[in-house]
């Protein structure tokens with residue numbers, strides 16, 4: 223169901239009409255027409271399998287968006303986006319983020335040994351995405367932010383998880399403190415003291431090749447004991463740490 227349409231100031235309309243990023247433009251035009259856009263709309267109508275990325279494109283262009291919950295056609299709770307406080311329009315971001323050359327990604331791939339900086343999984347270069355350690359919405363594209371050490375390569379799964387976590391973080395929403403982001407798991411996966419301002423520690427594990435047999439064994443034992451696999455792994459670690 224459409225929201226009641228809003229009449230926007232001429233200046234705001236001129237700004238949003240200047241956006242050329244395809245994904246951002248789709249989100250903007252749909253909101254203008256219907257009042258909001260849902261993740262279901264982005265997937266089913268426009269074919270985007272990572273809807274939050276399209277919403278981020280709008281925010282990266284300096285246009286405020288609000289996220290709220292609606293029901294999907296199947297009754298599931300999903301995210302929807304609408305324009306936020308237009309007085310917070312960031313004109314300096316209208317051009318969007320900088321376009322990085324392919325050589326930049328090649329160098330990051332070599333520095334990271336072909337691994338996702340967050341989960342440490344090994345991927346072909348085409349499956350990894352260049353990501354700001356400090357989200358663009360917080361740090362923008364200032365000169366120092368363009369240095370290669372301020373970027374990392376992440377896999378699609380981790381990029382989606384980071385997007386969701388960051389968008390629900392108070393630092394993202396209000397404070398926009400660069401240092402806080404760099405003390406977060408999503409900015410510094412190896413050395414951090416919080417995840418989206420919460421006292422959380424996280425460990426991503428991968429079993430490959432001959433190691434898979436150990437994973438299968440742990441999974442089998444956990445199932446036999448009717449314990450969720452992550453809880454069983456933590457139980458094993460805790461028991462051995464206490465010895």
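In our numbering, the protein residues as written are 223 to 465. Virtual Cβ for every residue (Gly too), placed ideally from N, Cα, C. As the structure is a prediction and not an experimental result, all values here were calculated from the model.
- Contact between residue 400 and residue 455 does not hold, since their C-beta atoms are separated by about 34 Å, which reaches or exceeds 8 Å.
- Taken atom to atom, the span from the alpha-carbon of residue 279 to that of residue 451 is near 36 Å.
- Collapsing the DSSP output to three states places residue 450 in coil.
- For residue 419, the three-state secondary structure derived from DSSP is coil.
- Residue 301 holds the alpha-carbon nearest to the alpha-carbon of residue 262 among 301, 253 and 334.
- Taking all protein chains in view, the Cβ of residue 358 is crowded by 16 or more other Cβ atoms within 10 Å, so the residue is classified as buried.
- About 6 Å separates the beta carbon of residue 377 from that of residue 345, a gap short enough to meet the 8 Å contact definition.
- Taking a contact as a CB-CB distance under 8 Å, the pair residue 360 and residue 394 counts as one, their CB atoms being some 6 Å apart.
- For residue 401, the three-state secondary structure derived from DSSP is helix.
- Residue pairing of residue 351 in beta bridges, as defined by DSSP: 376.
- Residue 229 and residue 296 have their C-alpha atoms some 31 Å from each other.
- Excluding the 5 residues flanking it on each side, residue 306 has same chain C-beta neighbours closer than 6 Å at 286, 287 and 288, in chain order.
- Ranked by Cα distance from residue 409, the first of 459, 234 and 373 is 373.
- When only Cα atoms are considered, residue 352 and residue 269 end up about 22 Å apart.
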